[in-house]
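Data block below; observations after.
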Amino acid sequence: ADLERMQSGKIWIAMCEPLGQAQHMQEAAAKGVSLLSLELMPRITRAQSMDVLSSMAMLAGYKAVLLAANTLPKMFPMMITAAGTITPARVFVIGAGVAGLQAIATAKRLGALVEAYDVRPAVKEQVESLGASFVEMELETQDAQDAGGYAKEQGEDFLNKQREFMSRVVAGSDVVITTAAIPGKKSPLLVTTPMVEGMRRGSVVVDLAAEGGGNCEVTQAGQ
1 ADLERMQSGK IWIAMCEPLG QAQHMQEAAA KGVSLLSLEL MPRITRAQSM DVLSSMAMLA
61 GYKAVLLAAN TLPKMFPMMI TAAGTITPAR VFVIGAGVAG LQAIATAKRL GALVEAYDVR
121 PAVKEQVESL GASFVEMELE TQDAQDAGGY AKEQGEDFLN KQREFMSRVV AGSDVVITTA
181 AIPGKKSPLL VTTPMVEGMR RGSVVVDLAA EGGGNCEVTQ AGQ
């Protein structure tokens, strides 16, 4: 609707989703409208103040933990009472980008036991610096990161082994937060329906990649 009102020669600066909205991009080009998409801002020092993607990802990671804590039918921190001790919630964060790292930090501040996994071995130090345990998988992942620091898309064989490995961690978690997204492509399927069914009753899955199809097989965007 906004694009229809734009006139030729105008410049539109916004989060335009150019890699996933090809038709809209073609319509804009046909009308002579110039689009500057903030999602494509390079991750360099000069552009840091305009990096809205990282800013929104940070808020998403923070909010994901708050939603999970509100939904989970147990407390996040360990509680010692006269009636006994309540063990802390176990949180598993998949993807240690901006959103994932913020989710880890927030869950730790709330007192949960946090584990995290990322296809990029280079982020292990960042995860552990936040007090979480990095789940290591014995798969070749040396070429898993692009020049911009983002995770690369992996083949189906790798994803199958990845899901098999993570099923044990997911089954023992009270909360699973998935953050793996690939710009312009469908989000990788990391948590299958059998994995969700194997979780304890009352467990929570928060899928931050829902708009791209979701990292969880049972995800429905907007619901």
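Sequential numbering from 1 applies to the sequence shown in the numbering used here.
For each residue, glycine too, the CB sits at the ideal point set by N, CA and C.
| Item | Value |
| --- | --- |
| Which residue spans inside the region 113 to 200 form an unbroken beta strand (DSSP E) run of at least 3? | 113 to 117 and 175 to 178 |
| Which residue or residues does DSSP assign as beta-bridge partners of Ile-80? | Thr-85 |
| Three or more beta-carbon pairs under 8 Å between the region 183 to 200 and the region 163 to 175, yes or no? | yes |
| With a threshold of 6 Å on Cβ separation, who are the neighbours of Asp-65 within its own chain once the five nearest residues in sequence on each side are excluded? | The sequence shown places Val at residue 65, not Asp. Excluding sequence neighbours, Val-65 sits near Ala-103, Thr-106 and Ala-107. |
| Are the Cβ atoms of Ala-99 and Leu-208 separated by less than 8 Å? | yes |
| Out of Leu-35, Leu-36, Gln-23 and Leu-53, point me to the one whose CA is closest to Arg-43's CA. | Leu-53 |
| Kindly indicate which three-state DSSP category Ala-14 falls into: helix, strand or coil? | strand |
| Assuming the contact rule is C-beta atoms closer than 8 Å, Tyr-117 and Val-91 should be a hit. Round their C-beta distance to whole Å, please. | No, Tyr-117 and Val-91 are not in contact; Cβ-Cβ is about 12 Å, not under 8 Å. |
| Which residues does DSSP pair with Ile-104 in a beta bridge? | Beta-bridge pairing links Ile-104 to no other residue. |
| Could you give the DSSP three-state label for Arg-90: helix, strand or coil? | strand |
| Rounded to a whole number of angstroms, what is the C-alpha to C-alpha distance between Gln-26 and Leu-3? | 11 Å |
| Helix, strand or coil: how does DSSP classify Leu-3 here? | helix |
| Could you tell me whether the Cβ atoms of Ser-173 and Met-199 are closer together than 8 Å? | yes |
| By the three-class DSSP mapping on this structure, what secondary structure does Ser-54 have? | helix |
| Does Ile-11 pass the burial test, meaning 16 or more other C-beta atoms within 10 Å, or should it be called exposed? | exposed |
| As a quick exercise: from Ile-86, Leu-101 and Val-123, pick the residue whose alpha carbon is nearest that of Val-114. | Leu-101 |
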